[in-house]
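Contents: one structure, followed by commentary.
Following this line, the structure appears as structure tokens:
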């Protein structure tokens, strides 16, 4: 089999429905939308542990949260043993390069890439020798400006970037990828990983991109009756520590945040366009498999929630676009340009999908599955995908998603086809009793296979905590979520 060039593009904290190809009529993403038209857009993709480090480890190993031994945000846990995507590609003869944010921890661990130009958004720890983006700014005389916006890594609100556009992380990440193409070995296929650190807060777009949306009016955040009836204490705690009450009565501030988020996404899209144009000029674009995704999304005020670490649509429903090389048989011609609303894909499917395309996936232990065999009608895709993040569990069959909040034993059930905004909880409706039980049984079996301590409380339907409201107290003290933290 001829070795395919591979381009993997990821964003940080990008939800699917903030793309044109994800159904957003306002946010301008023509380059990403073109990738969707040239491939398949998997619109039911779910991040299996929607917070940075575990999500990125899942992406790079093809394992689920239990396979990476991480079900919440941790920076101090060693990277798990076993094959890694870049490592496999390097050993197979690929020239491998990563540009941008890795955040798999420990810092500067290359996870198998031959070369990495790293940007960790000002998160450099004392034992980290160098952040390449910070070195770039310092060399250009802009190091003193980088963080003068005064925003923390998880703060909302908008400030214009204090840097000229060519000095931003988004431009820098693209430019390092182009420079790799300049100096690459043309006798070897390449695996290029381009990892943008936006639209993760701080929301600091270049002013010229914010101007594109200055007068835009976005729909208000989604809300459903279940928020008043059974709002889980884990979501209430997160909202409390993110100071949501300071936002909910200020629609103008929310609109400004939306405009800033849209501006950063369009900025990313523009840089993707530059990179794709460069590949085209070199005659490489038609020879390259492209996969586009994100580590997780952002609730963006939907259902009184912000940021991530939950399985609501905004936080967990991520882009997953696969665009094959021109003339390949990876995807049947009839499926090119289509959207798939049935397969419950996730980040653990990225590695097996890429390795399958390159003829490298045999005998490598992975929990994920290549999408190509299913698209070709050769093999059924798994019927369910599962997620865990701290004491929060979820399972989806691609259409229905069941949520279990262990702290106070709250359950939710949503139908993504009929209620994409998740406004109507179906868990107590008699006509959905069978579907709920089906998903609960599948989730229980997954927990049992992985020796999960939460199984006993889940099976009994009892709260994990004797006093769930204590989570709110912890949040008020800043121990549950820190909006200036590193997530």
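Residue numbers (our numbering): 198 to 684.
Glycine residues also receive a C-beta, built at the ideal position from the N, C-alpha and C atoms.
This one's a predicted model, so the numbers in the text were calculated from it and none came from an experiment.
inquiry  = One question on the structure: do residue 239 and residue 466 come within less than 8 Å of each other, judged by their Cβ atoms?
reply    = no
Under 8 Å Cβ to Cβ from residue 579, same chain only, skipping five residues before and after it: list those, please.
541, 566
Looking at the structure shown, is residue 435 part of a helix, part of a strand, or coil, going by DSSP?
helix
From which residue to which residue does the alpha helix (DSSP H) around residue 426 run? 423-427
- Smallest Cα separation from residue 558: which of 214, 284, 209, 248? 284
**Prompt:** Ends of the alpha helix (DSSP H) at residue 344?
**Reply:** No alpha helix (DSSP H) holds residue 344; DSSP gives it neither H nor E.
Cβ-based burial, residue 678 [other Cβ within 10 Å; buried from 16]:
Low per-residue confidence applies at residue 678: pLDDT is 39, beneath 50, and the placement is therefore not dependable, though the value from the model is reported in the following sentence. Per the 10 Å Cβ criterion, buried.
Next on the checklist: For residue 220 and residue 230, which I take to be in contact (beta-carbon distance under 8 Å), what is that distance rounded to the nearest angstrom?
Outcome noted: With a Cβ gap of about 11 Å, residue 220 and residue 230 do not count as contacting.
With respect to the beta strand (DSSP E) encompassing residue 335, which residues constitute its N-terminal and C-terminal limits? Note, residue 335: premise wrong, no beta strand (DSSP E); alpha helix (DSSP H) at 329-337.
Quiz item: Smallest Cα separation from residue 552: which of 336, 375, 280?
Solution: 280
Check: Thinking just about the alpha-carbon of each residue, which of 398, 333, 446, 428 is nearest to the one in residue 418?
Finding: 446
Q.
Considering only their Cβ atoms, is the gap separating residue 378 from residue 475 smaller than 8 Å?
A. yes
Item to complete: Pick out whichever of 460, 357, 489 has its Cα sitting closest to the Cα of residue 473.
Response: 489
Q) What separation, rounded to the nearest whole angstrom, lies between the Cα atoms of residue 624 and residue 564? A) 29 Å
Quiz prompt | Alpha carbon of residue 387 to alpha carbon of residue 203, nearest angstrom | solution = 6 Å
Check: Out of curiosity, what's the CA-to-CA distance linking residue 452 and residue 381?
Finding: 43 Å
Original post:
Taking only runs of the beta strand (DSSP E) that begin and end inside the stretch 573-600, which ones reach a length of at least 3 residues, in chain order?
Top reply: 582-586, 589-593
| For residue 630, the three-state DSSP class (helix, strand or coil) | helix
* If we count the other Cβ atoms within 10 Å of its Cβ and call it buried at 16 or more, is residue 317 buried or exposed? -> buried
(Q) What does the alpha-carbon distance come out to for the pair residue 423 and residue 498? (A) 15 Å
| said: Spatial neighbours of residue 461 within its chain, please: C-beta separation below 6 Å, excluding the five flanking residues on both sides. | reply: 395, 396, 402
- Between the beta-carbon of residue 468 and the beta-carbon of residue 367, is there less than 8 Å? yes
Counting only the same chain and skipping the five closest in sequence on each side, list residues whose C-beta sits under 6 Å from that of residue 508. 584, 591, 600
Between which two residues does the alpha helix (DSSP H) holding residue 356 run? It is not in any alpha helix (DSSP H) - residue 356 carries neither H nor E in the DSSP assignment.
Using DSSP bridges, identify the partner residues of residue 520.
487
Between the CA atoms of residue 252 and residue 315 - distance to the nearest angstrom: 18 Å
For residue 516 versus residue 572, is the C-beta distance shorter than 8 Å?
no
With a threshold of 8 Å on Cβ separation, who are the neighbours of residue 421 within its own chain once the five nearest residues in sequence on each side are excluded? 500, 618, 619, 620, 621, 622
CB-CB under 6 Å to residue 675, same chain, minus the five flanking residues each way: which ones, in chain order? In this predicted model, residue 675 has a pLDDT of only 49, less than 50, meaning its place in the structure is not dependable enough to derive any value.
From the DSSP output, in three-state form, read off residue 251 for me. helix
Local conformation of residue 208 per DSSP, three classes
strand
*Please look up how many angstroms separate the CB atoms of residue 269 and residue 587, rounded, as I've assumed it's under 8 Å.*
5 Å
_Restricting to runs no shorter than 3 residues, where is the beta strand (DSSP E) found entirely within the stretch 357-418?_
387-396
*asked:* On a Cα-Cα basis, can you pick out the residue from 351, 485, 594 that is closest to residue 210?
replied: 351
Could you work out which residue in 207, 201, 200 is closest to residue 518 when comparing CA atoms only? 207
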